[in-house]
Amino acid sequence: MTRIKIAIDGPAASGKSTIGCILAEKLGYLYLDTGVMYRAVTWAALDRGVPIEDEEAVTRLAETVTIEVIPATVEDGRQYSILANGRDITWEIRSPDVNRYVSPVSAYQGVRRAMTQQQRRIARDGGVVMVGRDIGTVVLPDAEVKLYLDASLEERSQRRYLEYQQRGQCVTIDEVRENVMLRDRIDSTRDTAPLRPAEDAIVIDTTSMSITEVVERTEAIVRAAIAAAEKRD
Ligand code: DC
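First residue of the sequence shown: 1, per my numbering; consecutive thereafter.
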């Protein structure tokens, strides 16, 4: 069976990870949320006391840190486990500090180069659902399916806020909205690989859609693309 590449991009909390993970499971594909890689570099910089504004040092770290995304090693609600140089940092990468600094770190060209290289290697043989900000535009411009999920700022802030509450993290909705807004701005205005839909992406506004509705819609798109790829091969 033909195994295609599926790129899902969109702003923070637009539903990319939830939908990407469900689609990958249905298809038996590998799922990779590339945001965790930028988060892991940010965490490593904070952990080692590397100043975030020191682009050269942060880039060197991105080139040397070993990031692994593996099946969940603990049953605590995680979708997968993230290791940085062998240490489990699955929850640490969701901390308010990482949230604050991940957008500036991911704007560094050298950091993006290092992450893009790894992501392309992972997707080389197809059979992958890759989620991020620049997957359809930069990382996998040849992906057979490119989806761009979006939702209103208020809806995305509410979704993120609920996630924090479920994890017992103490934040206010105003803090969450501020962070989402700030990251949207940095991610879409940076020089290298800014957040935007690829020209051939299908844009879906999920503001008033349920997860089931988004899954149905995107699965139909993906199944049609797989059928077309099989006919072609
Ligand atoms: O999807 P997320 O919120 O976990 O992503 C964290 C940050 O990483 C986001 O603010 C921008 C950056 N990112 C990126 O620049 N490119 C990607 N492909 C994925 C994430």
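For glycine and all other residues, C-beta sits at the position ideal for the given N, C-alpha and C.
| Check | Outcome |
| --- | --- |
| Closer than 6 Å by C-beta to THR66: which residues in its own chain qualify, once you throw out the five before and the five after it? Chain order, please. | ASN85 |
| Please determine if the stretch 196-212 and the stretch 149-164 are in contact, where contact requires at least 3 C-beta pairs separated by less than 8 Å. | yes |
| Beta-carbon separation of VAL111 and VAL36 under 8 Å? | no |
| Rounded to whole angstroms, what is the Cα-Cα separation between VAL129 and ILE8? | 7 Å |
| Out of ALA62, VAL138 and VAL176, state which residue places its alpha-carbon closest to the alpha-carbon of LEU46. | ALA62 |
| Take ALA229 as the anchor and find which of GLY126, GLU178 and MET115 has the nearest alpha-carbon. | GLY126 |
| Which of helix, strand or coil does DSSP assign to ASP205? | strand |
| Have a look at the DSSP bridge pairing and note the partners of VAL131. | ILE8 and ASP33 |
| Report the rounded CA-to-CA distance for THR59 versus GLU199, giving the unit in angstroms. | 30 Å |
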